[in-house]
Amino acid sequence: MTGKITVVGSGYVGLVAAACLAELGHSVICVDNDLNRVATLQAGGVPIHEQFLPELLQRHRGKRLEFSSSLPDAVAASSVIFIAVGTPPKDNGEADLSYVESVAREIAQNLNGYKVIVEKSTVPVYTNEWIRQVLNLTAGPHADFDVVSNPEFLREGTAVTDFLYPDRIVVGADSERAAELLKGVYAPITNGSYYQNIDRIPEPDSALIPPPLILTTAKSAELIKHASNAFLALKISFINAVANICEGVGADIQQVAKGMGSDSRIGPQFLRAGLGYGGSCFPKDVAAFHAVARECGYEFNLLEEVMRINEDQRTRFLKKIRTALWTLKGKKLGVLGLAFKGKTDDIRESPAIGLIQQLLAEGAHVIAYDPAAMPRTREVLQDKITYADSPYDVADGADALLILTDWEEFAKLDLKHVHKLLRYRIILDGRNLYCKDEMEQYGFIYVSVGRQPVPLRQLARVG
Ligand code: NAD
Numbered sequence: 354m355t356g357k358i359t360v361v362g363s364g365y366v367g368l369v370a371a372a373c374l375a376e377l378g379h380s381v382i383c384v385d386n387d388l389n390r391v392a393t394l395q396a397g398g399v400p401i402h403e404q405f406l407p408e409l410l411q412r413h414r415g416k417r418l419e420f421s422s423s424l425p426d427a428v429a430a431s432s433v434i435f436i437a438v439g440t441p442p443k444d445n446g447e448a449d450l451s452y453v454e455s456v457a458r459e460i461a462q463n464l465n466g467y468k469v470i471v472e473k474s475t476v477p478v479y480t481n482e483w484i485r486q487v488l489n490l491t492a493g494p495h496a497d498f499d500v501v502s503n504p505e506f507l508r509e510g511t512a513v514t515d516f517l518y519p520d521r522i523v524v525g526a527d528s529e530r531a532a533e534l535l536k537g538v539y540a541p542i543t544n545g546s547y548y549q550n551i552d553r554i555p556e557p558d559s560a561l562i563p564p565p566l567i568l569t570t571a572k573s574a575e576l577i578k579h580a581s582n583a584f585l586a587l588k589i590s591f592i593n594a595v596a597n598i599c600e601g602v603g604a605d606i607q608q609v610a611k612g613m614g615s616d617s618r619i620g621p622q623f624l625r626a627g628l629g630y631g632g633s634c635f636p637k638d639v640a641a642f643h644a645v646a647r648e649c650g651y652e653f654n655l656l657e658e659v660m661r662i663n664e665d666q667r668t669r670f671l672k673k674i675r676t677a678l679w680t681l682k683g684k685k686l687g688v689l690g691l692a693f694k695g696k697t698d699d700i701r702e703s704p705a706i707g708l709i710q711q712l713l714a715e716g717a718h719v720i721a722y723d724p725a726a727m728p729r730t731r732e733v734l735q736d737k738i739t740y741a742d743s744p745y746d747v748a749d750g751a752d753a754l755l756i757l758t759d760w761e762e763f764a765k766l767d768l769k770h771v772h773k774l775l776r777y778r779i780i781l782d783g784r785n786l787y788c789k790d791e792m793e794q795y796g797f798i799y800v801s802v803g804r805q806p807v808p809l810r811q812l813a814r815v816g
């Protein structure tokens, strides 16, 4: 029997994990020290944009899922405690583990019997040992607990589905007792019983059912997470570097990526050229993994190059904007997309936000639209930009349209209408959402990534 579960942190990972664990039949307390967030959750609000999350919260809130700001009470009531607080980057690239440490200390002060403390946050190798040390120092040498690493691989935008239909579950446990408890937590997934429920969250097309649970040491599990994210970031930087060669030699990155990705040893995912990776994970995790490697005496220079290419990708796009528009001062630029990728409201390390800040610094006026990320953008950019109600309002009278996030709806615009609305028929597509031929037919100047630009075919000024 698993007993009650506490999840500390109600962010993109903690809240999704808490809701999904309740969906699997567990009784869950989700704790946060952000009192506003807890109040919102208790009152029925949904603080993040994530598919299926509102349904799960509605289904389980007040029944198997409760929200609290009291970690001591939650710890006392639970046998398994997941830590899912932030691990943001420090200036030197290392992960800031102060939130994890403070939670570990508070757990230690409230131990009342055997508990398994689970690292769900992405942390550097050895963090489990530090947590163990904090618990021993705070709770005394006889404290009865284990520390397990259970990294999370969900992607924002498909977080609920990813949690319930994972490719694999990794449990890094150095004690059999703790491993058994964690196996019990995930049993409805690994024995397939969850997938028999009529009202289950629908499975994605390529779900592996049931997924495997990979049991490792705690250190290996910690490394699996950092190495996985670093590898995915490397794949993105690799294809972006190839895209830059395509631009130089007149090849087409989409054809090249398709040809490469059809090789089963390579695979098609993460081979989409664009503005580079962003978000709260890849940038910080690549930097943290680089710092971990250095700490243990290995110079992982490859990761430096991954980060450099990623940074360079935005600079190259800015140059393309300048080339298309000449000077930026006083220009009205329509921006589609603020989130770091489609299907999420998360703007942390978003290439779109970084680019907008540069455009503003050069004197451009920006009018932007995003289906989910405008409230969060307002918190950062305030009224430095204009927020539009639709993609078409963005295009209206703009000197150019910039596509910065890969939202599906941006790939389905009524181009005839956009054509009429734009002051100049210039589209700079940082996500390669459109087919070049189509753009040519409409008479747009179309600049994308890793493909030859569609040049001016006729007078670009409309009306
Ligand atoms: P987040 O910033 O969205 O949420 C963190 C939450 O923890 C916040 O609500 C914060 O108030 C709360 N918190 C901080 N200190 C606390 C404390 N002492 N007590 C209680 N609550 C506290 O972060 P996130 O995106 O959910 O990421 C959490 C961790 O998971 C990070 O290590 C991240 O790298 C990792 N991760 C994130 C993703 C992702 O896609 N976001 C995917 C996999 C792993």
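Each residue of the sequence shown is one higher than the one before, starting from 354 at the first, in my numbering.
Built from N, CA and C at the ideal position, the CB exists for glycine as well.
From a predicted model like this one, the values you see are computed outputs, not experimental measurements.
A residue is called buried once 16 or more other Cβ atoms fall within 10 Å of its Cβ, and residue 419 is buried on that count. Taking the Cα of residue 479 as reference, the smallest distance to any Cα among 571, 737, 496 is reached at 571.
Going by C-alpha positions, residue 612 is about 11 Å away from residue 605. Note on the region 641-677: there is no whole beta strand (DSSP E) run with a minimum of 3 residues. A Cβ-Cβ separation of about 6 Å places residue 715 in contact with residue 682 under the 8 Å criterion. Residue 437 sits buried, since 16 or more C-beta atoms from the chains shown fall within 10 Å of its C-beta. If you ignore the 5 residues before and after residue 797, its C-beta comes within less than 6 Å of the C-beta of 778, 780, all in its own chain and listed in chain order. Distance between residue 489 and residue 495, taken at the CA atoms: about 8 Å. Between residue 417 and residue 379 a beta carbon distance of about 7 Å is seen, short of the 8 Å cut, so the two are scored as contacting.
In the same chain as residue 638, and ignoring 5 residues on each side of it, the C-beta atoms closer than 7 Å to its own belong to 475, 579, 582, 583, in chain order.
Linking residue 522 to residue 680 through their CA atoms gives a straight-line distance of about 51 Å. Contact holds between the region 358-365 and the region 425-439, because three or more Cβ pairs, one in each stretch, are under 8 Å apart.
Rounded to the nearest angstrom, the gap between the Cα atoms of residue 423 and residue 456 is 12 Å. Beta-bridge partners of residue 419 (DSSP): 382. For residue 780, the secondary structure class from DSSP, reduced to helix, strand or coil, is strand. Nearest to residue 504 by alpha-carbon distance, out of 575, 517, 466, 653, is 575. Residue environment analysis places residue 698 among the buried positions, since at least 16 neighbouring C-beta atoms fall within 10 angstroms of its C-beta. Counting the other CB atoms within 10 Å of its CB gives residue 737 a total below 16, which places it among the exposed residues. Annotation for residue 500: the continuous beta strand (DSSP E) segment containing it runs 498-502. At least one heavy atom of the ligand NAD is found less than 7 Å from the C-beta of residue 505. The distance from the Cβ of residue 709 to that of residue 685 is about 13 Å, inconsistent with a contact at the 8 Å cut-off.
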